[in-house]
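Engineer: Numbering (this note's numbering), first residue to last: 284 to 959.
Following this message is one structure expressed as structure tokens.
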């Protein structure tokens, strides 16, 4: 039966904490500003909006005139502001305590700037975990939007997903709206008239509401969309078509929720949107999943079997990428330390550092996740290191601690003083996995190994595809290349990208990784830690010690009759392959930048200088070393296409094991420029 269908139209605007100001400005110019200006001209077109807290702060400060338009639209009832965690955390990845804190801060921010606390909640990456219900309800949020896929997985049919349902956890309730996948893929990629006709069809089919809530970046930032949405006036045509249709009424979620009762109780599984569920899977499993989906589509069964073909869920990223898991567990541990402080010592700036370190982007990877982007991980660590320094100042910890923080079965040893923290993993490699400078608020060990990705098959097959037709291509349908990528660029690393990862080249040329290090001694007073390993008939002893702003690493060799000892450092520096990062030799010469290759045959001192960081790492060796340095790149896929990203400067040092070389001392000195 034909009826008027309510169009519940919502957009989500987000930029990662720590993203470059130029990126934010471009996003505003190409998307946020023209979008708001367009909607402001049509007061009758009602909509919902969520701007993540960090982005909203930036826009309010730099573009107050455009934010005034949003405030005016809110005041006249045209726009509804949605709440969320302030720094856009995945609620499933943080404690209940921090969920409530993040939600409350953002709700108060919206009330302060827009005059009302939110009723609706945007869930980051639409990741649903039932235990989040309690936090949402506790903060006064009444409903949230998730994908219709979440409902389909419970057995609901598409015809049932035109309104909101109620869910419950531990006696707390909240209503949930199912976002239409069909609308997500049509707006704004199909012609405006076709999109309007599809919404009208829902009304003819007797549907109560057409529910849309998706990334605003589709309206100007994704490839081709700026010209399509604004140059060719897609957005205006869509709005005009909706307002002219006798079958469509526009509503805010708030007004619809107030007048329409719930359709009943529903319990949603732990999941996210369909693409995310594939991205979280290990490569082999992702290939199986992808093949199964393609087979079901090809044989016409997919809409029937889709509820039962599930991939992983968001937290699987922490099992796929050890670097993400380590960062996550560091964040959880510091959250617990902060919560343990007396209330009078829990200053707001400490909470700010914690919440910024919980921003979701750097913890995962897919078409949009930012794990592969060093500047996003760096921002997480910058806040973690600042928080840790502040916590140490009010609640000092031991200079040496041993624990299995990342739950991988191997202990980590934390050595710390007022200037530095060194974390060594007791996993046989006895390598340095984290080196923090408190003065620079920087982790020099923040690197990322090359991992096999499921989408590399597109590179190997030489695919290049964009969608054709009367609309434009979604990024999900594009295969573009920003950089030239060779086969060797996607070979996965056999070992983690850590520092002081040791090797031995035997006289016959065979190469051995020194992987049998066992813990030999702990000296908590220094603080220092020692390991011992046997390799090729000889013994290597390895000792780490912190001394002020210097990390000393001492090797002792016993029983070797030749061969070459090798150690590799992977150093994370902000400048990476930019002009501000360079190697400086002992005499002051600058042979090249971090993005180039460097070879020196008898070197005892080299400085890795980074003007962007405002500091340097000075490496001194007690015996001349052959040095080889090269950039370490990974290959990843984003909405812009396949790209190579420099993750670290890889420095390899080697020494012939002569009778004269029984002890080798290496020192890493962290130097901060005055005023840093």
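We put the beta carbon where it would ideally sit given N, CA and C, even for glycine.
#1: Can you give me the start and stop residues for the beta strand (DSSP E) that residue 293 sits inside?
#2: Tell me which residue opens and which closes the beta strand (DSSP E) that residue 838 is part of.
#3: Evaluate contact between the stretch 406 to 423 and the stretch 541 to 549, counting only Cβ atoms and requiring at least three cross-stretch pairs below 8 angstroms.
#4: Can you tell me whether residue 686 is buried or exposed, with buried defined as 16 or more other CB within 10 angstroms of its CB?
#5: Kindly indicate which three-state DSSP category residue 435 falls into: helix, strand or coil?
#6: Going by the CB atoms, is the gap between residue 555 and residue 491 shorter than 9 angstroms?
#7: Determine which residues share a DSSP beta bridge with residue 494 and list them.
#8: Just to confirm my understanding: we take residue 408, look at its own chain, exclude 5 residues before and 5 after, and list those with CB closer than 7 angstroms. What are they?
#9: Look up residue 447 in the DSSP assignment and say whether it is helix, strand or coil.
#10: With three or more beta-carbon pairs closer than 8 angstroms as the criterion, would you say the stretch 946 to 953 touches the stretch 860 to 867?
#11: Taking the CB atoms as reference points, tell me whether residue 783 and residue 818 lie closer together than 9 angstroms.
#12: Hey, how far is the Cα of residue 937 from the Cα of residue 884?
#13: If you follow the alpha helix (DSSP H) that residue 465 is in, where does it begin and where does it stop?
#14: How many angstroms separate the CA atom of residue 806 from the CA atom of residue 711?
#15: CA-CA distance, residue 631 and residue 298?
#16: Quick test of your reading: residue 851 and residue 821, contact by CB under 8 angstroms. State the CB separation rounded to the nearest angstrom.
#17: Sorted by chain position, which residues of the same chain lie with C-beta nearer than 8 angstroms to residue 689's C-beta, five sequence neighbours on each side aside?
#18: So, for residue 828: in the same chain, excluding its five sequence neighbours on each side, which residues have a beta-carbon less than 6 angstroms away from its beta-carbon?
#19: In whole angstroms, give me the CA-to-CA distance for residue 367 and residue 847.
#20: Is the distance from the Cβ of residue 625 to the Cβ of residue 857 below 9 angstroms?
#21: Once the 5 residues before and after residue 357 are set aside, which same chain residues still bring their CB inside 8 angstroms of it?
#22: Tell me, please, whether the stretch 373 to 384 touches the stretch 293 to 312 by the rule of three or more beta-carbon pairs shorter than 8 angstroms.
#23: What are the start and end residues of each continuous beta strand (DSSP E) run of 3 or more residues lying completely inside the stretch 492 to 539, in chain order?
#24: So what does DSSP say about residue 760, is it helix, strand or coil?
#25: What is the DSSP secondary structure of residue 379, counted as helix, strand or coil?
#26: Between which residues of its own chain and residue 294 is the CB-CB distance below 6 angstroms, once the five residues before and five after are set aside?
#27: Indicate whether residue 533 and residue 330 have their beta-carbon atoms separated by less than 9 angstroms.
#28: Just to confirm, are residue 319 and residue 340 a CB contact at a threshold of 9 angstroms?
#29: Since residue 526 contacts residue 328 with CB under 8 angstroms, what's their CB separation in whole angstroms?
#30: Tell me the rounded alpha-carbon separation between residue 654 and residue 647.
#31: Buried or exposed for residue 761, going by 16 or more other Cβ atoms inside 10 Å?
#32: Check whether the stretch 732 to 739 touches the stretch 714 to 724, counting contact only when three or more Cβ pairs, one atom from each stretch, lie closer than 8 angstroms.
#33: Indicate whether residue 391 and residue 427 have their beta-carbon atoms separated by less than 9 angstroms.
#34: Nearest by alpha-carbon distance to residue 530: which of 539, 487, 825 is it?
#35: Counting beta carbon pairs with one atom in the stretch 382 to 389 and one in the stretch 462 to 479, are three or more of them shorter than 8 angstroms?
#36: Compare the Cα-Cα distances from residue 394 to each of 444, 930, 336 and report the closest residue.
Structural biologist: The structure says:
#1: 288 to 296
#2: Boundaries of the beta strand (DSSP E) harbouring residue 838: 833 to 841, taken from the DSSP string.
#3: In short, these stretches do not touch, since the Cβ pair count stays below three.
#4: exposed
#5: Note: residue 435 maps to helix in three-state DSSP.
#6: no
#7: DSSP lists 291 as partners of residue 494.
#8: Around residue 408: 373, 555, 559, 597, 643.
#9: Under the three-state reduction of DSSP, residue 447 is assigned to coil, being neither helix nor strand.
#10: No, the stretch 946 to 953 does not touch the stretch 860 to 867.
#11: no
#12: 9 angstroms
#13: 464 to 469
#14: 19 angstroms
#15: 23 angstroms
#16: Residue 821 and residue 851 do not touch by the CB rule: their CB atoms are close to 19 angstroms apart, not below 8 angstroms.
#17: 605, 608, 609, 612, 695
#18: 809, 811, 835
#19: 56 angstroms
#20: no
#21: Cβ neighbours of residue 357 beyond the five flanking positions: 363, 364, 397, 398, 399.
#22: no
#23: 492 to 498, 531 to 534
#24: With a pLDDT of 48 at residue 760, under the threshold of 50, the modelled position of this residue cannot be trusted, and the question is left open.
#25: When DSSP states are grouped into helix, strand and coil, residue 379 belongs to the helix group.
#26: 332, 499
#27: yes
#28: no
#29: Indeed, because the Cβ distance is near 6 angstroms, the residues count as touching under 8 angstroms.
#30: Just so you know, the alpha carbons of residue 654 and residue 647 end up roughly 5 angstroms apart.
#31: Annotation note: pLDDT 47 at residue 761 (below 50); position unreliable, no value reported.
#32: Remark: fewer than three beta-carbon pairs, one from each stretch, lie closer than 8 angstroms, so the stretch 732 to 739 and the stretch 714 to 724 are not flagged as touching.
#33: no
#34: The closest CA to that of residue 530, considering only 539, 487, 825, is found on 487.
#35: no
#36: 336
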